[in-house]
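These notes are about the structure you will find just below.
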Amino acid sequence: MTTSSHAHPVTAGSTDWHVVVPVKETRHGKSRLARAVGSDRADLSAAIATDTLSAALQAVGPERLVVVTSDDGLSGSWAARGVRVVPDPGTGLNDAVRAGMRAAGPGASVAALLGDLPALDGASLRSALEAAQQHGDSFVPDADGTGTVLRCGVGFMPRFGGASAARHAADGAVRLELPLPRLRTDVDDARSLSQARHLGLGPATRAVLQHRASGWIRSMQATVHRFDPETHTGSVLRDDGVELAFEAPAFESSGLRLLRIGQRLTVEVVDDLVVAMHIVGVGPGQPIR
241 MTTSSHAHPV TAGSTDWHVV VPVKETRHGK SRLARAVGSD RADLSAAIAT
291 DTLSAALQAV GPERLVVVTS DDGLSGSWAA RGVRVVPDPG TGLNDAVRAG
341 MRAAGPGASV AALLGDLPAL DGASLRSALE AAQQHGDSFV PDADGTGTVL
391 RCGVGFMPRF GGASAARHAA DGAVRLELPL PRLRTDVDDA RSLSQARHLG
441 LGPATRAVLQ HRASGWIRSM QATVHRFDPE THTGSVLRDD GVELAFEAPA
491 FESSGLRLLR IGQRLTVEVV DDLVVAMHIV GVGPGQPIR
């Protein structure tokens, strides 16, 4: 997987931060998507990491970006761009973050950023870093509010994994509920991949979905089985009777105002989860809304 060659302008005001991004070796990444993506798993993992790192590079520049990885492909490509690359100690996410913090230097202001944010852009990360400058220690929770996508401070103890937001708050870090969905949408399963697609993916991840995904994003006809108009969640029945669930983002991005039981839809399915739906109208180019 290659990175984009276009310039990455840096905005003043956010460059006091050293951004540390831990990236798992891509052939082992995205394990919760393995059943859906199969042999595309390594390419998808590399693409997601590439888009995350490209956004971080745009936000702070190469001299303040630290990548912690043992992936040979990513190590070579990012070191060639002037980014400091540190070997992953191989003992877990938090140890990888600590290795990056050491590389940033004693007393450095560090922003530890998850490496699985394919919808992230430089402007969103800069906004978060500027907000974090108002506090000694802070963190940005993920879209669900329980995990952490960004932990900022000096000499802090990273506590990523599981319900990390509560652990970071217990350490005294200020919780920053920022309206930055591109930053807060980390991808580790079909649902979060669908959410990131609706926000707009970075070019590397988008290319994988466009050129490699025909085998694992399936399009089919289905019948509405359940629909909750308050939560916008429900399920459909495939023609063989198998029930498939959908969550609010799939409905809300469809342009449909309501669903009725028994209604026929065209749906896109990833890993037995409906990630998109629509109704095709009569005549070419005539979608029903």
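Going from the sequence shown to the numbering used here is simple: count from 1 and add 240. Ideal Cβ placement from N, Cα and C applies to all residues, glycine included.
Item: G340: buried (16+ other C-beta within 10 angstroms of its C-beta) or exposed?; Value: buried
Item: Got a sec? Which residues, its chain only, sit under 6 Å from Q503 by beta carbon, not counting five neighbours each side?; Value: V464
Item: What runs of the alpha helix (DSSP H), each 4 residues or longer, lie entirely inside the stretch 440-497?; Value: 443-452 and 488-492
Item: What span of residues does the beta strand (DSSP E) with S404 cover, start to end?; Value: First-last for S404: S404 to A410, but that is the alpha helix (DSSP H), not the beta strand (DSSP E).
Item: With three or more beta-carbon pairs closer than 8 Å as the criterion, would you say the stretch 359-374 touches the stretch 305-324?; Value: no
Item: Rounding to the nearest angstrom, what Cα-Cα distance links A368 and T445 in this structure?; Value: 23 Å
Item: When the distance is taken between beta carbons, is V380 closer than 8 Å to L441?; Value: no
Item: Out of curiosity, what's the CA-to-CA distance linking A406 and S378?; Value: 12 Å
Item: Taking the alpha carbon of W257 as the point to measure from, which residue in P302, I288 and T290 has its own alpha carbon closest?; Value: P302
Item: Using CA atoms only, rank isn't needed, just tell me which of A352, V514, S494 and T471 is closest to F486.; Value: V514
Item: Would you say the stretch 465-479 touches the stretch 320-334, given that touching needs at least three Cβ pairs under 8 Å?; Value: no
Item: Determine the extent of the alpha helix (DSSP H) in which G340 is found, giving its start and end residues.; Value: L333 to A344
Item: For the beta strand (DSSP E) containing A351, list its first residue and its last residue.; Value: V350 to L353
Item: Taking the beta carbon of Q450 as the centre, do at least 16 other beta carbons fall within 10 Å, making it buried, or is it exposed?; Value: exposed
Item: Out of A488, L499 and L390, which has the shortest C-alpha to C-alpha gap to R424?; Value: L390
Item: Going along the chain, which residues of its own chain have a beta-carbon closer than 6 Å to the beta-carbon of D291, five neighbours each way excluded?; Value: P358, G442, A444 and T445
Item: Between the Cα of V337 and the Cα atoms of G395, D429 and P489, which residue gives the shortest distance?; Value: G395
Item: With DSSP run on the structure shown, which of helix, strand or coil describes A505?; Value: In the sequence on display, residue 505 carries Leu and not Ala. Here L505 sits in strand by DSSP.
Item: Which whole-angstrom value describes the C-beta separation of D356 and D426, a residue pair presumed to lie in contact below a C-beta threshold of 8 Å?; Value: 5 Å
Item: Helix, strand or coil, according to DSSP, for H438 in the structure here?; Value: helix
Item: Please report how far the alpha carbon of R529 lies from the alpha carbon of D512, in whole angstroms.; Value: Because the pLDDT of R529 is 46, which lies under 50, any placement of that residue in the model is unreliable, and the number read from its coordinates should be weighed accordingly. Computed Cα separation, rounded: 25 Å.
Item: Rounded to whole angstroms, what's the CA-CA distance from V509 to S434? Just pull it up for me.; Value: 10 Å
Item: Just to confirm my understanding: we take F296, look at its own chain, exclude 5 residues before and 5 after, and list those with CB closer than 7 Å. What are they?; Value: Note that residue 296 is Ala in the sequence shown here, rather than Phe. V259, V261, L305, L353 and L365.
Item: DSSP on L314, reduced to helix/strand/coil?; Value: helix
Item: Below 7 Å CB to CB, which residues in the same chain sit around A436 once its five sequence neighbours on both sides are set aside?; Value: P358, A359, T425 and V427
Item: Alpha carbon to alpha carbon, how far is G412 from R342?; Value: 22 Å
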